[in-house]
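Peer 1:
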Amino acid sequence: NAGVTQTPKFQVLKTGQSMTLQCAQDMNHEYMSWYRQDPGMGLRLIHYSVGAGITDQGEVPNGYNVSRSTTEDFPLRLLSAAPSQTSVYFCASSTEGFDQPQHFGDGTRLSIL
Amino acid sequence: KQEVTQIPAALSVPEGENLVLNCSFTDSAIYNLQWFRQDPGKGLTSLLLIQSSQREQTSGRLNASLDKSSGRSTLYIAASQPGDSATYLCAVSLILGYSTLTFGKGTMLLVSP
Chain Y
2 NAGVTQTPKF QVLKTGQSMT LQCAQDMNHE YMSWYRQDPG MGLRLIHYSV GAGITDQGEV
62 PNGYNVSRST TEDFPLRLLS AAPSQTSVYF CASSTEGFDQ PQHFGDGTRL SIL
Chain B
483 KQEVTQIPAA LSVPEGENLV LNCSFTDSAI YNLQWFRQDP GKGLTSLLLI QSSQREQTSG
543 RLNASLDKSS GRSTLYIAAS QPGDSATYLC AVSLILGYST LTFGKGTMLL VSP
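Just so you know, the protein sequences line up as chains Y and B, in that order.
Residue numbering for the first sequence follows the numbering used here, starting at 2 and increasing by one per position.
Residue numbering for the second sequence follows the numbering used here, starting at 483 and increasing by one per position.
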């Protein structure tokens, strides 16, 4: 049981490039979410999903896309990277909802030059 | 909009001290409150979850209390140890359909031997 696995752990991009941050969980959790963590800002919700095929926007969705084709995977896509998207990105999952204990991955540290 | 504040932002104590971390929130209509621990370079680990109908939760040397009417929660750590050094975050879940978590910015704790 690996929990929540995020790849890659580190990434450097140039402005305008696109990429996908991967998130996978092996706990059969229905609820998954993406947060970004910036100094002085705390964690902010980007997108979330309450099950396969169902996604919704969080607090800071602009510049990011998500899809949920399987229960296990919830990838986050940066369409055209901007320096403002330099951050640490965390994926989380839970069994019954966001008001239940969340299981977090170790994060992806992303730098946009 | 729900806002979550954690005071102090940083705390340094000698080993063995009992300490209290504070969390306040502006909207008392919460579903629950969670306390997390984050080690440097790692994701968040859920420590305690208090439902809105509860007053406190305990796990080992940790005790979390909730006063929903005043919008406050405290995390009490007894007999602190160097291994407790980490950033502690609180997050609240609102009672609004598919609720999501709103995080505080955290308290960085350093326990010195």
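For every residue, glycine included, the Cβ atom is placed at its ideal position computed from N, Cα and C.
F99(Y) CB to nearest chain B CB: under 8 Å?
Peer 2: Taking Cβ atoms only, chain B reaches closer than 8 Å to F99(Y), which makes this a yes.
Peer 1: Let's test the definition: count the other Cβ atoms within 10 Å of the Cβ of F507(B) and tell me whether it reaches 16, buried, or not, exposed.
Peer 2: F507(B) should be labelled buried.
Peer 1: Spell out a yes or no on whether the stretch 6-26 of chain Y and the stretch 45-62 of chain Y are touching, meaning 3 or more CB-CB pairs, one atom from each, closer than 8 Å.
Peer 2: The answer is no - the stretch 45-62 of chain Y does not touch the stretch 6-26 of chain Y, with fewer than three Cβ pairs under 8 Å.
Peer 1: Touch check for the stretch 487-497 of chain B and the stretch 545-564 of chain B: three-plus C-beta pairs under 8 Å?
Peer 2: Judged by Cβ distances under 8 Å, the stretch 487-497 of chain B makes contact with the stretch 545-564 of chain B, as three or more pairs qualify.
Peer 1: Spell out a yes or no on whether the stretch 72-86 of chain Y and the stretch 546-555 of chain B are touching, meaning 3 or more CB-CB pairs, one atom from each, closer than 8 Å.
Peer 2: Touching, no.
Peer 1: For G108(Y), go through chain B and note every residue whose CB falls closer than 7 Å to its CB, in chain order.
Peer 2: By Cβ distance, chain B contributes G525.
Peer 1: Closest to S604(B) by CA distance: which of L501(B), V593(B) and S510(B) is it?
Peer 2: A query on residue 604(B) cannot be resolved here, the shown segment of chain B reaching from 483 to 595 and no further.
Peer 1: Do three or more CB pairs link the stretch 567-577 of chain B to the stretch 512-531 of chain B at distances below 8 Å?
Peer 2: Yes: at least three Cβ pairs fall under 8 Å.
Peer 1: Quick one: grab the DSSP three-state call for G106(Y).
Peer 2: Looking at G106(Y) - three-state DSSP - the assignment turns out to be coil, as it is neither helix nor strand.
Peer 1: Against chain B, with Cβ distances strictly below 8 Å, would F91(Y) count as a contact?
Peer 2: It does; some Cβ of chain B falls within 8 Å.
Peer 1: Please confirm whether any heavy atom of the ligand NAP lies closer than 7 Å to the CB of Y570(B).
Peer 2: Judged by which ligands are present, the structure shown has none, so any question about the ligand NAP falls away.
Peer 1: Applying the 10 Å Cβ sphere with the 16-neighbour rule, what's the burial state of A3(Y)?
Peer 2: By the neighbour-count rule (16 or more Cβ atoms within 10 Å), A3(Y) is not buried but exposed.
Peer 1: Indicate whether at least one CB of chain Y lies closer than 8 Å to the CB of Q516(B).
Peer 2: Output row for Q516(B): interface = yes.
Peer 1: Does the beta-carbon distance from T584(B) to V502(B) come in below 8 Å?
Peer 2: Not a contact, by the Cβ cut-off of 8 Å.
Peer 1: Do L526(B) and Q520(B) have their C-beta atoms within less than 8 Å of each other?
Peer 2: Yes, they are a contact pair.
Peer 1: Assuming T589(B) contacts Q488(B) (C-beta within less than 8 Å), just tell me the rounded distance between them.
Peer 2: With 8 Å as the limit, T589(B) and Q488(B) qualify as a contact, their Cβ atoms being about 5 Å apart.
Peer 1: Would you grab the beta carbon distance between Q26(Y) and S94(Y) for me? Rounded to a whole angstrom, and I think it's under 8 Å.
Peer 2: The pair is a contact, with the Cβ atoms about 4 Å apart (cut-off 8 Å).
Peer 1: Which residues bound the beta strand (DSSP E) around M20(Y)?
Peer 2: Element bounds for M20(Y): M20 to Q26.
Peer 1: Between T8(Y), P62(Y) and A53(Y), which lies nearest to M33(Y) when the distance is taken from Cα to Cα?
Peer 2: Nearest of T8(Y), P62(Y) and A53(Y) to M33(Y), Cα basis: A53(Y).
Peer 1: In whole angstroms, what separates the C-alpha of C505(B) from that of S594(B)?
Peer 2: Those two C-alpha atoms are separated by around 23 Å.
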